[in-house]
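Below: one structure, written as structure tokens.
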Amino acid sequence: MSEPAIECCNVWKVFGPNPVAHARTLKQEPSAGSDGHVVAVRDVTLRVKRGEMLVVMGLSGSGKSTLVRCLSRLVDVTDGVIKIDGQDIGSLSERDLIALRREKMGMVFQSFGLLPHRTVLENVAFPLEMRGQSRSARIARAREVLALVGLAEREDYYPRELSGGQQQRVGIARSLAIEPDIWFLDEPFSALDPLIRREMQDEFLRLKQLSDRTIVFITHDFDEALRLADRIAIMKNGAIEQCDTPDRIVLQPATDYVARFTQGIDRARVVHAGALCTPLNGSIVEGAPVASDVTIRALSRRLVAETRALIPVADSQGHIIGSLNRTQALDLLLGEAQ
Amino acid sequence: MSDLKADASGFSQPAPTPRTGGIAIATAELSGWKVLLVLALCLAAGKILLPVGMIRPPDWMILPFAAWINAVFDFLRYDLGLLSITRTIADGIEWCLDVTGNLLYGRNRWPHLGPIPWSVLAISFAILGYALGGWKLAVLSGGTLVWIAVMGQWRWAMETLSVIVVAAPLSVLIGMVTGVTAWRWSWFERALNPLLNIAQSMPHFAYMIPVVVFIGVGPKAGAVVTIIFSVPPMIRLTLLGLRKVPEEVVEAGKMNGASQWALLTRVRLPTARSELLLGVNQVIMQCLAMVVLASFIGMPGLGQRLLQMLQALRIGPAFEIGITIVLIAITLDRLSKAWATKKPVHHESGTHWMARHRLWLVWAGFASVAWLVAQVIPYLHEVTRSQALSMAPVIDMSVNWFLTLAAPVTEAIRRFLIIWVLIPFRDAILWLPFTAILVAVAALGWALGGRRSALICLAFMIPIAMTGWWDRAMITVYTVLTAVGLAALVSLPLSVWGAGNATRARRMLLVCDTLQTFPSFIYLIPVVMLFGVSDVAVLAAVMVFAGVPLVRYTIEGLNGIEPEVLEAGQMNGTTWWQALRHIRLPLAFPTILIGFNQSAMFALFMVIIAAFIGTQDLGQEMQRALSATDVGKGLTLGFAVAFLGLMADHLLMRWSRNIHERREARS
Chain A
1 MSEPAIECCN VWKVFGPNPV AHARTLKQEP SAGSDGHVVA VRDVTLRVKR GEMLVVMGLS
61 GSGKSTLVRC LSRLVDVTDG VIKIDGQDIG SLSERDLIAL RREKMGMVFQ SFGLLPHRTV
121 LENVAFPLEM RGQSRSARIA RAREVLALVG LAEREDYYPR ELSGGQQQRV GIARSLAIEP
181 DIWFLDEPFS ALDPLIRREM QDEFLRLKQL SDRTIVFITH DFDEALRLAD RIAIMKNGAI
241 EQCDTPDRIV LQPATDYVAR FTQGIDRARV VHAGALCTPL NGSIVEGAPV ASDVTIRALS
301 RRLVAETRAL IPVADSQGHI IGSLNRTQAL DLLLGEAQ
Chain B
1001 MSDLKADASG FSQPAPTPRT GGIAIATAEL SGWKVLLVLA LCLAAGKILL PVGMIRPPDW
1061 MILPFAAWIN AVFDFLRYDL GLLSITRTIA DGIEWCLDVT GNLLYGRNRW PHLGPIPWSV
1121 LAISFAILGY ALGGWKLAVL SGGTLVWIAV MGQWRWAMET LSVIVVAAPL SVLIGMVTGV
1181 TAWRWSWFER ALNPLLNIAQ SMPHFAYMIP VVVFIGVGPK AGAVVTIIFS VPPMIRLTLL
1241 GLRKVPEEVV EAGKMNGASQ WALLTRVRLP TARSELLLGV NQVIMQCLAM VVLASFIGMP
1301 GLGQRLLQML QALRIGPAFE IGITIVLIAI TLDRLSKAWA TKKPVHHESG THWMARHRLW
1361 LVWAGFASVA WLVAQVIPYL HEVTRSQALS MAPVIDMSVN WFLTLAAPVT EAIRRFLIIW
1421 VLIPFRDAIL WLPFTAILVA VAALGWALGG RRSALICLAF MIPIAMTGWW DRAMITVYTV
1481 LTAVGLAALV SLPLSVWGAG NATRARRMLL VCDTLQTFPS FIYLIPVVML FGVSDVAVLA
1541 AVMVFAGVPL VRYTIEGLNG IEPEVLEAGQ MNGTTWWQAL RHIRLPLAFP TILIGFNQSA
1601 MFALFMVIIA AFIGTQDLGQ EMQRALSATD VGKGLTLGFA VAFLGLMADH LLMRWSRNIH
1661 ERREARS
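Residue numbers (this note's numbering), protein chains in the order written: chain A, 1 to 338; chain B, 1001 to 1667.
As structure tokens, then:
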């Protein structure tokens, strides 16, 4: 558990005529002119714990897609080191890289990236075919994963015969066929209608429960990020502005940019009782506690009816970990400043 | 002379001065080409004062390109021993031709199975048509084969097809491998591109001469020249297809652990299927066009019959063969396009094996029945000459009747064109000193595309002067200019009318598409019928052939305008004429220019092909070089034609792009 699944140290990705030199210049002098270069990833340092779900969030052009392509080495970094399970992937040979992808990584793409000439079943079986598994074994496994995403009846269809949501289910099934340890999802639901997107998010959360794989999820949709993430990394111009839990991003934005992001959203839906909880420090609270992993919104009725000024908060084991200030919680709920 | 002046001043109008900024540059450019134009006019006006060396290319300027090329070829043939290699390749191809020849028309070679009864092939084609495109295509492809058999043209048609069956797959293979190589290594693409440009603007005959030198004449030479001629579009479309594969599909392939080879063969190429199959379509059509023309180097089949009949002025049989070739062209085009656009459709799970392979079973059933019946009824096996249902005498009669009726009109058109258009224009171009033309061309290049274009135009024109074929080249230029000009007079109003409503436009585009699939040779039949063997016949053939792309692009240009722009015009109270003049034509102009570009290219090709019905241009010399198998001369002439084409291409595309860019910059 000590070693992070993904470790990313001072990673740069620069596009342009002379990327390496330009990255070096920028390291010395961050305000240097662009000189025809585009800096897609700027000095990013990240750690993703095993089993953790990190959502990378930013507007289009903020470099989030490039970052995830660096993590999967679909693009080579200009500078810095990326380690997967402690192994520097920049130094891997072509053969080892292919082996790593065949064994450990799965990826889902924004516009699905399905092979148009193969049926749904053949698409899902493709990574297994690349691994060299026998035909019967890979078909059995592909059927299994298709059943998991609810597309068992559509295995003979071709991608263009499916709706967008169904196509993305195929994409998800394909990425899960090899049971990857690390799962990259690059804006998987951005191309879908809002209703379907919601449905797919629920589906995704369900699939996430089934195993404890490490997930890096890219999105430009803040609500989506808040809904799914263990931790959120907010990117701007290639750099990470803040990387933290949703509660802390909302309650303690590190920069104005992050603060502006959180302005429009309903904080009560995001912030959990545990995040507002202050240590007891010897003071005594009475009555039934609230669970720390419940959002303030979910507590709203109770908060309005509540008579105590301080409400005890309990963690998942039932231990009291602190108290919730009712006024503060109501302020958050009603949209006042904290 | 006056024509040239009118041309040049006409070009100056659509180059307005930019509104803001860069005025100094603009005036410098404008004055640059104007100075050149004035210089050209001075050279023309003061012709009597010029030394002879400035009127026609002087002797010291003419280089013996032909001799050099011949020396290179001799070196390749004898010293490098390339001849034995090419002969070996040709023998391999001949073996394939023997097999298809045996199967299709019973040539007495291995595997000694053929000929396949025509009824079996007709049924197979009909079912193939049904599988790819439904009933209509089934009727078209089955009907074509029935027509061929019933008209007694089976053997010739099969001689032609047997070459296509061998040449097309080989071209596709070569084109794909070359295309993939060019896609993989950019230096190879950079080296290949100019070669492809030249190859695609070389006239058909230029390909034939080296092939005759290395391989000789006959079917295998015909097959080889067909393969070489039809490879370039496959290379282009392979490249295009590979480039168009969505990046995410490739990334998905990589993330799924595909190796480089697996990425290419299982991800990239299958995803580029549509473009590749479009390439197959192009290859087949090019093969057909070439295989018909290859009759000039002794390729038997429909082309040879057509050539003989045309030379003997036997319009009836020529007409019938023409219909056969056209039918084959349409069938092959529709079949391969249907294949390209066909998308895979799944079967419901649990469908029975029989149902999944229904069409195969139907085919096997029908074909074996037809084969059995053909053993009993010889007519279904082979239609003998006496049974052939040729309508040639009837056609001859009606054509003669029509010609006597139309004679006053065609004769009048002919006289008018020859006396008032062709001869004066030709004499004017030949009268001009070559220096005046060079300077005028540079001025034109400068006006349309800046100083660089002027230099590029000169780089194309000066070598032509250096070949010593200047006068011939000018006759080619004059024929092309007249034909494209006359074609524009007819096709522009026609396409404005055609673009008037959507149904009409769609129909006209369909007609244009169909006309473009015809091998160029076909266009000679009706014009020879109407005008006999004369300059006017050549002109008419070139005109029709060059008019088709003009109509097509003009309609596309006019219909491609955003409806909002037109609606805005309507709300501003424009009349139909005002809308055409001020909105539709100016907006469609860049597209129309592309039409002119293609039109000029087609015209060049046609002029060269039409040489055998009598012209005095580069084409005629090329035919002489072909019959004397003079590679040096043939290739020199080929390059001269290609350079004319490339120059026209550069000028028109540059102009079209400039207008486009100016508009983008303004909006």
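We put the beta carbon where it would ideally sit given N, CA and C, even for glycine.
- With respect to residue 145 of chain A, residue 173 of chain A sits close: the two C-beta atoms are nearer than 9 Å.
- Judged by DSSP in its simplified three-state form, residue 321 of chain A adopts strand.
- Within its own chain, the residues whose Cβ lies closer than 6 Å to the Cβ of residue 1066 of chain B, once the five positions on either side in sequence are excluded, are 1632, 1633, 1636, listed in chain order.
- Ranked by how close their Cα comes to the Cα of residue 1181 of chain B, the residues B/1235, B/1209, B/1203 have B/1235 in first place.
- When secondary structure is reduced to three states using DSSP, residue 1176 of chain B falls in the helix class.
- Taking 4 residues as the shortest admissible run, the stretch 68-141 of chain A contains the following complete alpha helix (DSSP H) segments, listed from N- to C-terminal end: 94-104, 120-131.
- Of the candidates A/266, A/315, A/227, A/315 places its Cα closest to the Cα of residue 288 of chain A.
- A straight-line Cα-Cα distance of about 40 Å links residue 1578 of chain B and residue 1333 of chain B.
- Of all residues in the stretch 1175-1186 of chain B, none places a beta-carbon less than 8 Å from a beta-carbon of chain A.
- Judged by their CB atoms, residue 1139 of chain B and residue 1152 of chain B are not nearer to each other than the 9 Å cut-off.
- Following the DSSP letters along the chain, one finds residue 11 of chain A inside the beta strand (DSSP E) bounded by residues 6-15.
- Residues are counted here when their Cβ sits less than 8 Å from a Cβ of chain A; for the stretch 1322-1352 of chain B these are 1343, 1344, 1345, 1346, 1347, 1348, 1349, given in chain order.
- Contact between residue 1595 of chain B and residue 1550 of chain B holds, with the beta-carbon distance rounding to 5 Å and staying under 8 Å.
- Around the C-beta of residue 1455 of chain B, fewer than 16 other C-beta atoms lie within 10 Å, and the residue is accordingly described as exposed.
- By DSSP's assignment, residue 231 of chain A forms a beta bridge with A/54.
- For residue 160 of chain A, the neighbours in chain B by C-beta distance under 8 Å run, in chain order, 1343.
- Contact between residue 1100 of chain B and residue 1172 of chain B is absent: CB atoms are separated by about 16 Å, not below the 8 Å threshold.
- By the neighbour-count criterion, in which a residue is buried when 16 or more other Cβ atoms sit within 10 angstroms of its Cβ, residue 1419 of chain B is exposed.
- A check of alpha carbon separations from residue 1034 of chain B across B/1519, B/1451, B/1500, B/1493 identifies B/1451 as the nearest.
- For residue 1649 of chain B, the enclosing alpha helix (DSSP H) begins and ends at 1631-1666.
- The C-beta distance from residue 1543 of chain B to residue 1483 of chain B rounds to 5 Å, short enough to fall under 8 Å.
- It is roughly 25 Å from the alpha-carbon of residue 1073 of chain B to the alpha-carbon of residue 1472 of chain B.
- Fewer than three Cβ pairs drawn from the stretch 12-21 of chain A and the stretch 47-56 of chain A lie within less than 8 Å of each other, which leaves the two stretches out of contact.
- Annotated as distal: residue 1592 of chain B and residue 1629 of chain B, with beta-carbon spacing of 9 Å or more.
- Assigned with DSSP and collapsed to three states, residue 214 of chain A falls in strand.
- Per DSSP, residue 247 of chain A is one residue of the alpha helix (DSSP H) stretching across 246-251.
- In this structure, B/1224 is the residue among B/1224, B/1301, B/1131 with its C-alpha nearest to the C-alpha of residue 1092 of chain B.
- Neighbourhood of residue 1254 of chain B in chain A, by CB distance below 8 Å: 74, 101, in chain order.
- Between residue 92 of chain A and residue 103 of chain A, the alpha-carbon positions lie close to 14 Å from each other.
- Note on geometry: alpha-carbon atoms of residue 329 of chain A and residue 303 of chain A lie some 8 Å from one another.
- For the pair residue 1563 of chain B and residue 1470 of chain B, the Cα-to-Cα distance works out to about 48 Å.
- Taking one beta carbon from each stretch, the stretch 1241-1249 of chain B and the stretch 1274-1281 of chain B have 3 or more pairs nearer than 8 Å; the two touch.
- Only those residues of the stretch 1209-1238 of chain B whose C-beta falls short of 7 Å from the nearest C-beta of chain A would be listed, and there are none.
- Note that the C-beta distance between residue 1158 of chain B and residue 1203 of chain B is not below 9 Å.
- Between the stretch 211-230 of chain A and the stretch 182-191 of chain A there are three or more inter-stretch CB-CB distances shorter than 8 Å, so the stretches are counted as touching.
- Look at residue 111 of chain A: its C-beta is under 9 Å from a C-beta on chain B.
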